[in-house]
Amino acid sequence: MSSKWMVDNWVQRKALGLTKRFYPTSLMQDLELPLGVIFERLLELTKDGKIVLKWEIRCPNHYCVRTLDTFDTVPSQKEYTCDCGQEVEVSPEVIFPIFEITDDLRKYARDIRQGEVKKKSTRTNTSVNPPPLTQKGMITPASMSMLHELFPSIAEMLDKPTEIHLHQYNSEGDMHLTTHGPKYNIGKIDAPQGSVQVGDYGSATTYNTTAAGLVDAKKELLEAIQNSDIPEETKQELSGAIDSISEEVAKEKPNRLSLNGMLDGLTKAITTFEKTPGLITVYEKWQAFVSNFGIQS
37 MSSKWMVDNW VQRKALGLTK RFYPTSLMQD LELPLGVIFE RLLELTKDGK IVLKWEIRCP
97 NHYCVRTLDT FDTVPSQKEY TCDCGQEVEV SPEVIFPIFE ITDDLRKYAR DIRQGEVKKK
157 STRTNTSVNP PPLTQKGMIT PASMSMLHEL FPSIAEMLDK PTEIHLHQYN SEGDMHLTTH
217 GPKYNIGKID APQGSVQVGD YGSATTYNTT AAGLVDAKKE LLEAIQNSDI PEETKQELSG
277 AIDSISEEVA KEKPNRLSLN GMLDGLTKAI TTFEKTPGLI TVYEKWQAFV SNFGIQS
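For the sequence shown, this note's numbering gives the first residue as 37, with consecutive numbering after it.
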């Protein structure tokens with residue numbers, strides 16, 4: 037099911053650009069999906085009127101191309117005269133499917149893009165507070181791995197062992213104690229079952245990196261989907277996409293490009309249900325977990 041999201045997103049992105057027609061192999065090259073899976077989904081989009089399937093008949097001798105909207109243009113005859121004058125036998129070997137983006141799909145994709153831009157531009161408060169490296173949830177195992185690769189000095193700072201300083205001051209006279217702290221220096225604690233990222237002033241984020249934790253996160257997300265008011269058909273599609281992503285993550289060497297594509301498509305689908313905040317929250321938790329677990333160097 038996740039492959040459908042990947043194909044749909046690819047087609048929608050092309051609709052935003054200047055692309056008018058495309059071949060199924062273009063998607064196979066970009067998405068690394070089986071050609072049969074891609075062609076099947078493109079046929080479904082054709083059936084729904086999102087794109088138009090046309091046919092190219094290519095002369096095997098002179099490589100001339102004739103594009104047909106339907107084979108009614110070439111009646112039941114087995115041969116026809118090519119533009120180059122060559123008699124061409126019409127057979128599957130010389131027929132090439134080519135898909136054309138409809139004006140309706142192009143308008144739909146642009147309306148979505150404009151809606152997103154308008155939504156952003158209507159924000160009255162455009163200022164944001166820059167997050168420090170110690171902000172809760174800022175550093176994940178996956179980002180830590182990339183920091184080691186791109187910015188070793190920063191990673192080294194974050195890798196320093198945790199130090200705990202307890203400062204206490206006693207006053208004379210009536211006995212009372214004022215404790216300032218605890219204050220935790222930036223650091224990380226690793227353990228077989230996961231890791232704890234520690235920030236300033238006692239903030240700590242725990243990352244469970246065990247397979248059991250991944251199963252629990254998936255179970256929680258699937259339950260959130262089933263308990264929501266999303267249409268039943270959509271529930272099945274979302275659940276199927278989650279299963280596909282989980283299968284890819286479980287591989288010894290997950291395909292990063294494929295995994296990123298599936299996550300991107302699923303995220304776009306999930307965020308359309310912004311009126312279901314509980315689902316969004318559970319999904320973001322699962323998404324971060326999958327990224328940490330499956331997209332590591």
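Cβ coordinates follow ideal geometry from the N, Cα and C atoms, glycine included.
Here the structure is a predicted model, which is why all the values come from computation and not from measurement.
Checking 7 Å against the spacing of the C-beta atoms, do Ile88 and Thr138 come in under that value?
According to the sequence as given, residue 88 is Val; it is not Ile. Yes.
State the start and end residues of the unbroken beta strand (DSSP E) segment that holds Lys90.
Ile87 to Arg94
Roughly how many angstroms lie between the CA atoms of Ser38 and Ile148, to the nearest whole one?
21 Å
Cβ shell of Ile131 (< 7 Å), same chain only, five flanking positions each side left out
Trp91 and Ile93
Which word fits Ser163, buried or exposed, when buried means at least 16 other C-beta atoms lie within 10 angstroms of its C-beta?
Reliability fails at Ser163, whose pLDDT of 47 lies under 50, so the model's placement of it is uncertain and no value is given.
For Thr214, which three-state DSSP category applies?
Summary for Thr214: the model assigns pLDDT 41, below 50, so the residue's position carries little reliability, and this model does not support an answer.
Of the listed residues Asp300, Glu284, Val73 and Ile306, nearest to Pro267 (C-alpha basis):
Ile306
Beta-carbon separation of Trp41 and Gly276 under 7 Å?
no
Residues in the same chain with beta-carbon distance under 8 Å from Thr61, minus the five sequence neighbours each way, listed in chain order, please.
Leu71
First through last residue of the alpha helix (DSSP H) which encompasses Ile278:
Glu268 to Val285
Quick one, are the C-beta atoms of Ala145 and Leu69 less than 7 Å apart?
no
Beta bridge counterpart(s) of Phe132 as assigned by DSSP:
Glu92
Val101 classed as buried or exposed, judged by whether at least 16 other C-beta atoms fall within 10 angstroms
exposed
Kindly indicate the opening and closing residues of the alpha helix (DSSP H) around Thr82.
Leu71 to Lys83
Taking a contact to mean a Cβ-Cβ separation below 7 Å, would you say Cys95 touches Val126 in this structure?
no
What whole-angstrom Cβ distance do Glu284 and Ser294 have, given they're in contact under 8 Å?
6 Å
Simplified DSSP assignment, three categories, for Leu63
helix
Collapsed DSSP secondary structure at Thr55 in the structure displayed
coil
With DSSP run on the structure shown, which of helix, strand or coil describes Asp44?
helix
Does the distance from the C-beta atom of Ala253 to that of Phe325 stay below 7 Å?
yes
I'd like to check one pair, Leu67 with Gly297: are the Cβ atoms closer than 7 Å?
yes
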